[in-house]
Each structure stands twice: as C-alpha cells, then as structure tokens.
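First residue of the sequence shown: 4, per the numbering used here; consecutive thereafter. Backbone N, C-alpha and C define an ideal beta-carbon position, used for all residues, glycine too. Here the structure comes first, spelled out in structure tokens, and everything after it is commentary.
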Amino acid sequence: MKSRLLTRPWLVLAALAIGLAAINLTLAQPQQGPKEGASPRQDPNNPRDGQIVEKRGESSFAPVRVTESFDSIYDKMVKEKDAVMAKQRKLLEERYDISNRPARDGTKFSDRDKPIQEGIRVKLPEGVGSWEELAAMSPDEIRVKDLFPKGFLPLPHVNHPEGGMVFPEMEIKEIKKQEGRDLSRFDLDFDIPEHFLPAFPPPIYLTTRPDLGDVSQGKLVTQQNFFELFDGILTPKQLDGLRLLLTPFPQQQFNATNDRRSKNPSLGVACFDCHANGHTDAAFHLVGDIRPQEFRRRIDTPSLRGVNVQRLFGSQRALRTVEDFTEFEQRAAYFDGDPVIGLKKGINILERGHQVHNMAEFQELLDFPPAPQLDIFGKLIPEQASEAELRGQALFFGKARCGECHPAPHYTDGTMHDLKVARFFEPRMINGRVADREGPIKTFPLRGIKDSPPYLHDGRLLTLEDTIEFFNLIVGTRLTKEEKADLLAFLKTL
Ligand code: HEC
Ligand code: HEC
4 MKSRLLTRPW LVLAALAIGL AAINLTLAQP QQGPKEGASP RQDPNNPRDG
54 QIVEKRGESS FAPVRVTESF DSIYDKMVKE KDAVMAKQRK LLEERYDISN
104 RPARDGTKFS DRDKPIQEGI RVKLPEGVGS WEELAAMSPD EIRVKDLFPK
154 GFLPLPHVNH PEGGMVFPEM EIKEIKKQEG RDLSRFDLDF DIPEHFLPAF
204 PPPIYLTTRP DLGDVSQGKL VTQQNFFELF DGILTPKQLD GLRLLLTPFP
254 QQQFNATNDR RSKNPSLGVA CFDCHANGHT DAAFHLVGDI RPQEFRRRID
304 TPSLRGVNVQ RLFGSQRALR TVEDFTEFEQ RAAYFDGDPV IGLKKGINIL
354 ERGHQVHNMA EFQELLDFPP APQLDIFGKL IPEQASEAEL RGQALFFGKA
404 RCGECHPAPH YTDGTMHDLK VARFFEPRMI NGRVADREGP IKTFPLRGIK
454 DSPPYLHDGR LLTLEDTIEF FNLIVGTRLT KEEKADLLAF LKTL
C-alpha cells in the first residue's frame, strides 16, 4: 500500500511548514533565565512559580578532563582579574558605605585592640527619607516600589560563575610567612575591606580551661606552632585533632592539577585557614550542595566557638554532628559536592573513629568569648549593666521579638527559620547570582556576636547596626531610633 503522504504531497508540505515554524519558534523564544538586574516575573496570576532560570543544559558535574594548558588558563584569567574586581567593588559601593568608621564608644573585638565598625552601612534606597519611613511600609509596598535596600539582597561571590574558596589578605600573608604556603588566587582577590573583618588572629577560649583566658598568645595557630602552644594543655588525642585541623588537604582551587586557581601547584587548604584559631577570618566560598551555579549561596565562614552546645551544622544542610560536618567538609564541600572531581584533585578520606573523632573533639572545646555581664541564665546582671543595655535586653526579649528565635543562654533556638526575605523584592539576577527565596536557614547563635562580622550566612551585612535594621524590617517590629540604639548596646554585651 502506498503511503498516504506520498499520494497527498500537500500533506508533506504542510507537515514540513509546521515543523519549520516550530523550530523557528524555539529559536525565537527569548532566553528564559533572568537578565542581569531584570525582574523576570512573568505570570501575574502565578507570580512565584517556575518563573526563574530554566535548566540551561548545565550539568551537575564539573568537567574532569581540562584540555587547556595551565599557562593558557592562567594568562586568560589574570587578564580578566581587574575587570572582575572592579565589578565587585562597584556592587559593594552601590550597596554599602564601606568607609572605615571605628565604633566611637570604643567597642573592640574580645581581647583584641581592633575596634568594631560603627553605623548602618547598607544604603537606603533613593527616595526613602529614613529607615523608620521604610519600616512603616508593608512588604508588598516595598516589593512593588522596588524599595528593598540592595545591601539586604543576597551577596554574590566575587566571581559567582567561577566560585571557589577565597581567603582574606591577612590570612594569606600569615600562612605564607609561617608555612610558605600560598593561599592567594591568580584570578581574584577577597572583596570586603579588612576593617569589617574579625580581629586577626582571633583569641581562643577553651571550655576545659577557662582559667587560661585566650590560649592563642596572640598568634595564628598553625602546623608550625601548635605543639609548642598546646602541649601540656590538651590531651594527646586533642592535640592530634588540632594537628589535623591545621593540615592542608587538596581542594577544588588549591591542588596540583592544571585546573587549579593557585599560581603554583598547591598542597591544599586546612580547616583553620578559614576557621582561623577555631573562630573565623571571614573566608568564603559557594555552598556545595545546590545546583545550578546561580542558585548556590556565597557562604561566610562561621565561628566554631560554641559548636559544643549546638545541634545543627551548616546554614541549610543541618548536618547533625560536628563529626559529620568534619567528614563532609573534605569529602564534599572542598569539591563542590562532586566526588568525581575530588578523585582527580586529591580527595582525602579521614578515618572516622580516630581522625574525625579527634578533630571533632578539639572543635568541641572551643568556647564563646567570656561575657562578664551575663549571669548563669545568660541574662544581664543588673548591677553590671547600663540603663541602655537593660532596656535593650527588655526589647530583645519583648517588642523586638529577637529572643523568640535567639533565646538565652546561647542565643539560638537550635533550629532553622525561613525568614521569607523574598517577600520584599522581585526575584532578580545579581552578578550571576539568583536572588529569590532561600528557604530555612540555621539560627546562628548570638553569643559573642560582635566578634564575627560580616553577618548572615553570606556575609551581606557589615555591622550590628545593619542586622538590627534588617531584622526590624523582616520581623516587622517598627522600632524607634532610640530603641535600636538600646538593642545595639545589648548585642554588644553578648
Ligand atoms: C572556605 C573555608 C573553609 C574551610 C577550609 C573549612 N570550612 Fe568549615 N565552614 C566554612 C563555611 C563557609 C561554613 C558554613 C557552611 C554552610 O553554611 O553550609 C562552614 C561550616 C563548618 C561547620 C559548621 C558550623 C556551624 O555553625 O554550623 C563546621 C563544624 C566546620 N565548618 C568544620 C570544618 C572542618 C573540620 C574543616 C576542615 C576539614 C573545615 N570546616 C574547613 C568554611 C570553611
Ligand atoms: C524568626 C526567627 C528570628 C527572629 C525573630 C530574629 N532572628 Fe536573628 N537570625 C535568625 C536566622 C534564621 C538567622 C540566620 C539568617 C541567615 O544567615 O540568613 C539569624 C541571624 C542573625 C544574626 C547574624 C548571625 C551571624 O552569625 O551572622 C544576627 C546579628 C541576628 N540574627 C540578630 C537578630 C536580632 C537583633 C533580632 C531582633 C531584632 C533577630 N535576630 C530576630 C532568626 C531570627
């Protein structure tokens, strides 16, 4: 039997025409992903669903075989570096006042001479007269009028599509001096100015020896000095754990392959290159467990002080133990959650019962800094507090509602909350980072909080004043200027 198509050639033509039209349509279809700075909301009746970034054929896996030579990658990326840094600088200046303004009341980092920074650094959007005026608007009004301060939006990595670990200059210098290891990248530098970063090197307080105060003796603890500093203070098991926390292991950007971002082949990075002295030096990277790249969050290194009293680890993964997190950092986070590439670059599998346990044991000795004004319930001792601090405490647990998520004595409820920040803005793309809903995030503890700027999981807030304005808006409490000043005085006592 003859095919119907052949007996009716017009059918073939029609089919062809429809086919061509379809191909044409696909080609003419605008890119679905959001454009830089654009607000991609499409369906007004279904404003939140499915409108952002389609899968663009990006695989979950990183390419294993890199055929370009190291020299060629190096030359290209070095040439692009100035433009990368200028773009990030522009973003920071658009969002924040990044000038160096030490706290006039003399507040310093615990046991260090460095003053903390003062003032609200997030810029108010144009056309809004004051923070109080902004907070008087509803989330809808702020979103529709596009008045959410830019500094409250997710902060992208220095080069978001590229990602990877980035260390501040102070850490790079000291590790080079002590160990000859180079933590600088040839393709980019750290972005936030040093006056906003934690005091360096930070003090170390041990839960087992509070009588000793800061046991770091003002030094950055490294492979070179840990034995001398801690022999006779720690048990042999804890000393071994500390040794491993200071031992570099290969990682995505710092390794020996042609697909690295260190100029010379690198031994890798150590846990305490970021968690400097068991605290933080504000090093950052992209979270390992989200795809595609534009949804991955910049994550600011959290302090390990007080991990002994916490029950969830990681801003969103909520791993249950310090042991799990220790094991996962090297096996997964170091390689962006991609064990295939880990195998190529040098994944290091720690032995659980011995090495992981020893490392966790040391971390669990790291205490919050002393807070001499707090009693055994973690509340102010009235005789040792100022009027402003006491008013601030009353606000914290009352009108400002902070205490509902940050209860004393550790100022965390040990769980996660979805702050629904995206109520306040239209989804958008910021330098390669999608800003949209983020879901539940760990309630980080506020004990010792003045010691660990920048704030929030991605470090988007530079000062405590910024966090007060942020939560005033998010919680919808409409605090007065005076109330905010009292709350600040209280946060500094924690
Ligand atoms: C880029 C520098 C960097 C290095 C190196 C690093 N970390 Fe982390 N660490 C982070 C960041 C960033 C987070 C937050 C992760 C998140 O938000 O999901 C974190 C989280 C943690 C946490 C959970 C803290 C909390 O409060 O939830 C622990 C524990 C931890 N790291 C231990 C380690 C250990 C052990 C190593 C070495 C094996 C290590 N880290 C290496 C940056 C680093
Ligand atoms: C609904 C629960 C909730 C309330 C209410 C709340 N917080 Fe938080 N807080 C969180 C969560 C969750 C985070 C982590 C958010 C993130 O990293 O994106 C956080 C983070 C913070 C941080 C930064 C911590 C760090 O290590 O970077 C500060 C400071 C803070 N809150 C202060 C306050 C203050 C002050 C108030 C009251 C004005 C307040 N919070 C009210 C849940 C809450």
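Practice prompt. Can you tell me which of the three DSSP states histidine 503 falls into?
Written response: In this structure the chain extends from 4 to 497, so residue 503 is not present and cannot be described.
Discussion item. Which same chain residues end up closer than 6 Å to alanine 321 when comparing Cβ atoms and leaving out the 5 residues on each side of it in sequence?
Written reply: Leu315
Worksheet entry | Straight-line gap, serine 42 to aspartate 303 (C-alpha atoms, nearest Å) | Here serine 42 scores only 47 on pLDDT, less than 50, and its place in the model should not be relied on; the value that follows carries that caveat. Going from the Cα of serine 42 to the Cα of aspartate 303 covers about 26 Å.
Item to complete: My understanding is that aspartate 284 touches phenylalanine 203, with C-beta atoms under 8 Å, so please give their C-beta distance in whole angstroms.
Response: 6 Å
Discussion item. Spatial neighbours of glutamate 548 within its chain, please: C-beta separation below 6 Å, excluding the five flanking residues on both sides.
Written reply: Given a span of 4 to 497 for the chain in the structure shown, any question on residue 548 remains unanswerable.
Worksheet entry | Closer than 6 Å: arginine 582 CB and nearest ligand 2 heavy atom | Since the first and last residues shown for the chain are 4 and 497, residue 582 lies out of range.
Worksheet item: isoleucine 119 and alanine 106: beta carbons closer than 7 Å?
Response: yes
Discussion item. Taking the straight line between their C-alpha atoms, what separation do you get for arginine 308 and leucine 449?
Written reply: 11 Å
Discussion item. Using only the alpha-carbon positions, how far apart do methionine 88 and lysine 82 sit?
Written reply: 11 Å
Worksheet item: Since aspartate 327 is in the alpha helix (DSSP H), which residue starts that stretch and which ends it?
Response: 325-334
Practice prompt. Taking arginine 98 and lysine 153 to be in contact with their CB atoms under 8 Å, please state how far apart those CB atoms are, rounded to whole angstroms.
Written response: 5 Å
Practice prompt. Could you tell me which residues DSSP puts in a beta bridge with tyrosine 99?
Written response: Val125
Practice prompt. May I ask which residues mark the beginning and end of the beta strand (DSSP E) holding leucine 289?
Written response: 287-289
Discussion item. Please report the straight-line C-alpha distance between proline 37 and tyrosine 337, rounded to a whole angstrom.
Written reply: Since pLDDT at proline 37 reaches only 47, below the 50 mark, its modelled position is unreliable, and the value read off the structure follows with that caveat. Roughly 29 Å between the two C-alpha positions.
Item to complete: Just grab the DSSP bridge partners of threonine 120 for me.
Response: It should be pointed out that residue 120 corresponds to glutamine in this sequence rather than to threonine. Its beta-bridge partners are Pro105.
Discussion item. Could you compute how far the alpha carbon of leucine 490 sits from the alpha carbon of threonine 415?
Written reply: 17 Å
Item to complete: Reducing DSSP to helix, strand and coil, say where valine 424 ends up.
Response: helix
Fill in: Segment contact flag, the segment 107-117 with the segment 198-214, C-beta cutoff 8 Å, min 3 pairs
yes
Practice prompt. Using a threshold of 7 Å, state whether the C-beta atoms of glycine 349 and proline 253 are closer than that.
Written response: yes
Discussion item. Is any non-hydrogen atom of ligand 1 found closer than 6 Å to the C-beta of valine 325, if you look at the structure I gave you?
Written reply: yes
Fill in: Length of the line joining the Cα atoms of leucine 247 and glutamine 358
8 Å
Worksheet entry | Cβ-Cβ distance between alanine 279 and proline 251 below 7 Å | no
Worksheet item: By Cβ distance, which residues of its chain are closer than 6 Å to glycine 166, with the 5 residues on each side in sequence left out?
Response: His160, Leu289
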